[in-house]
Amino acid sequence: MIGTANGLAVSITGLGSHVPDRVVTNDELSTMMETSDEWIVERTGIRERRIAAPEEALSDLALPAARQALEDAGISGSDLDLIIVATVTPDMAFPATAAILADELGAHDAGAYDLSAGCTGFMYAVAQAYGMLAGGLAQRALVVGGDVLSKILDWSDRGTAVLFGDGAGAVVLERVGQGGFLGFELGADGSGGLQLYLPAGGSRAPATAESVAERRHFVQMNGREVFKFATRVLVASAEAVLAECGRTIEDVDVYVPHQANVRIIEYATQKLGIPDDRVVIDVDRYGNTSSGSIPLALADAKADGRLAAGRLVLMTGMGAGLTWGSGLIEWTDGGRT
Ligand code: COA
7 MIGTANGLAV SITGLGSHVP DRVVTNDELS TMMETSDEWI VERTGIRERR IAAPEEALSD
67 LALPAARQAL EDAGISGSDL DLIIVATVTP DMAFPATAAI LADELGAHDA GAYDLSAGCT
127 GFMYAVAQAY GMLAGGLAQR ALVVGGDVLS KILDWSDRGT AVLFGDGAGA VVLERVGQGG
187 FLGFELGADG SGGLQLYLPA GGSRAPATAE SVAERRHFVQ MNGREVFKFA TRVLVASAEA
247 VLAECGRTIE DVDVYVPHQA NVRIIEYATQ KLGIPDDRVV IDVDRYGNTS SGSIPLALAD
307 AKADGRLAAG RLVLMTGMGA GLTWGSGLIE WTDGGRT
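The numbers in this note's numbering rise by one with no breaks, and the one at position 92 of the sequence shown is 98.
Below, the structure written as structure tokens:
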């Protein structure tokens, strides 16, 4: 799916993020499995990640991020018409974590649901919220991207456990006078689904004593295949959305790629020809936070003063599905209509 934003102007008017307190360094991981700080830094660029406490669920990370985003936008929960939570680690399979959030935020008039598109979830959710706002179905939307992947990782599998971390980010979308989203490109290739998946716990393989014993409720990944896929789609999706919107890579002021691995980001950055100082990287501090990755990186870019009004921001996510998605936005500083 690809298209330019021809409807009403819609932008991000509020931004928030939240990560668990507990920092887990590579050295700490080295005490739990056969790995080393040197290997992890060289192959991934990750130095540490945040890991949720045993009692912490997705909504516990999403709620503070959402509250911050609402405050940043200067609105309250009761102003929301729509809440989408992009995640593969909801509090429970159902009810949706978005409905739990709606209740906690006092968003009594909002439609609220979760969306599953792996690490691309945030981009899918933003595109969907954009469509509802631009089409006039909603006035104000809250989009949360967040995951607590530590809960579904096999902590004896060094091939996956070292890569991920927990965190959530949230954005408020509203109509604005001008600027805002220019276009989106979203895609999925289900034939690659088993390269990155959670084998059991769904209707294909419900939970049994055997499935637990066989550790089939944990993430399984073919790292090399996902690496090849990631480098390919980060470049292709970014180029596609830029071309569709009549922009070039030179126009991009801030590039926010999915934070999976510094090597993947560097490959994409070089191929696309984006100067390093325009690229947002925080995977060294958070690891891959799945749906939380892009909004956390946006929050970091904002804290650094990089998201000034008028700047062109390119975001590209990719992940389980296999899925990918890009969005191009001319940043606005509030300015809702
Ligand atoms: N610590 C130490 N050694 C490790 C290790 C770890 N955490 N994980 C794997 N190794 C070992 C392997 O067993 C292998 O050893 P061998 O040569 O004796 O068999 C060696 O390191 C090289 O493994 P390889 O898989 O070729 O490494 P790589 O350079 O491809 O890096 C990933 C592995 C997982 C970091 C890389 O493939 C990757 O980032 N893939 C994409 C993953 C991703 O981003 N997923 C989420 C997408 S949303």
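Glycine residues also receive a C-beta, built at the ideal position from the N, C-alpha and C atoms. A quick note: this is a predicted structure, and the numbers were derived from the prediction, not measured.
- Here DSSP, grouped into helix, strand and coil, assigns Gly80 to coil.
- Between the alpha carbons of Gly193 and Ile287 lies a gap of roughly 24 Å.
- Shown here, Leu88 sits in a strand according to DSSP, grouped into three states.
- A residue is called buried when at least 16 other Cβ atoms come within 10 angstroms of its Cβ; Asp153 meets this threshold and is buried.
- Between the region 208-216 and the region 154-166, the count of Cβ pairs shorter than 8 Å is below three; the stretches do not touch.
- Where Gly196 is concerned, there is no enclosing beta strand (DSSP E), because DSSP gives it neither an H nor an E.
- Apart from sequence neighbours up to five positions away, the residues of its chain that approach Asp282 with a beta-carbon distance below 8 Å are Thr275, ordered along the chain.
- Counting C-beta pairs with one atom in each stretch, the region 300-317 and the region 34-52 have fewer than three that are closer than 8 Å, which means they do not touch.
- With a threshold of 16 other beta carbon atoms within 10 Å, Pro96 meets it and is buried.
- In this structure, DSSP gives Ala213 a state outside helix and strand, which the three-state scheme calls coil.
- When the five nearest sequence neighbours on each side are left out, the beta carbons in the same chain lying within less than 6 Å of the beta carbon of Ser296 are those of Cys125, Asp153 and Leu155, in order along the chain.
- Cα atoms of Ser17 and Arg221: separation of roughly 43 Å, rounded to the nearest angstrom.
- Excluding its 5 nearest sequence neighbours in each direction, Ala211 has C-beta neighbours in its own chain below 8 Å: Pro205, Ser217 and Arg222, listed in chain order.
- In this structure, DSSP gives Leu169 a state outside helix and strand, which the three-state scheme calls coil.
- Taking 4 residues as the minimum length, the alpha helix (DSSP H) runs contained wholly in the region 237-281 are 268-278, in order along the chain.
- DSSP places Asp290 inside the alpha helix (DSSP H), whose first and last residues are Val289 to Tyr292.
- In the assembly as shown, Met321 is a buried residue. Its beta-carbon has 16 or more other beta-carbons within 10 Å.
- Residue environment analysis places Asp33 among the exposed positions, since fewer than 16 neighbouring C-beta atoms fall within 10 angstroms of its C-beta.
- For the 9 Å CB-CB criterion, Thr103 and Asp87 do not form a contact.
- A direct Cα-to-Cα measurement between Val247 and Gly189 gives close to 7 Å.
- For Trp337, the shortest separation between its Cβ and any heavy atom of the ligand COA does not lie below 8 Å.
- Beta-carbon to beta-carbon, Asp172 and Ile57 are separated by about 6 Å, close enough to satisfy the 8 Å threshold.
- Inter-residue distance for Val258 and Val319 is about 6 Å (C-alpha atoms, whole angstroms).
- Just so you know, the alpha carbons of Thr254 and Gly175 end up roughly 28 Å apart.
- Between the ligand COA and the CB of Ile271, the shortest heavy atom gap is not smaller than 8 Å.
- In this structure Ser332 touches Ala244 by the C-beta definition: roughly 6 Å separates them, less than 8 Å.
- The beta carbon of Ala135 lies closer than 7 Å to those of Leu88, Ile90, Ala147, Val149 and Leu179 in the same chain, with the five residues before and after it left out.
- Taking all protein chains shown into account, Asp78 has 16 or more neighbouring C-beta atoms within 10 Å of its C-beta and is therefore buried.
- Listed as beta-bridge partners of Tyr203 by DSSP are Gln226.
- Straight-line spacing of the CA atoms in Thr31 and Ala116 works out to 39 Å.
- With fewer than 16 other CB atoms across the displayed protein chains lying within 10 angstroms of its CB, Leu200 is exposed.
- Around the beta carbon of Glu40, fewer than 16 other beta carbons sit within 10 angstroms, so the residue counts as exposed.
- DSSP places Leu111 outside any beta strand (DSSP E); the residue lies instead in the alpha helix (DSSP H), whose first and last residues are Thr103 to Leu111.
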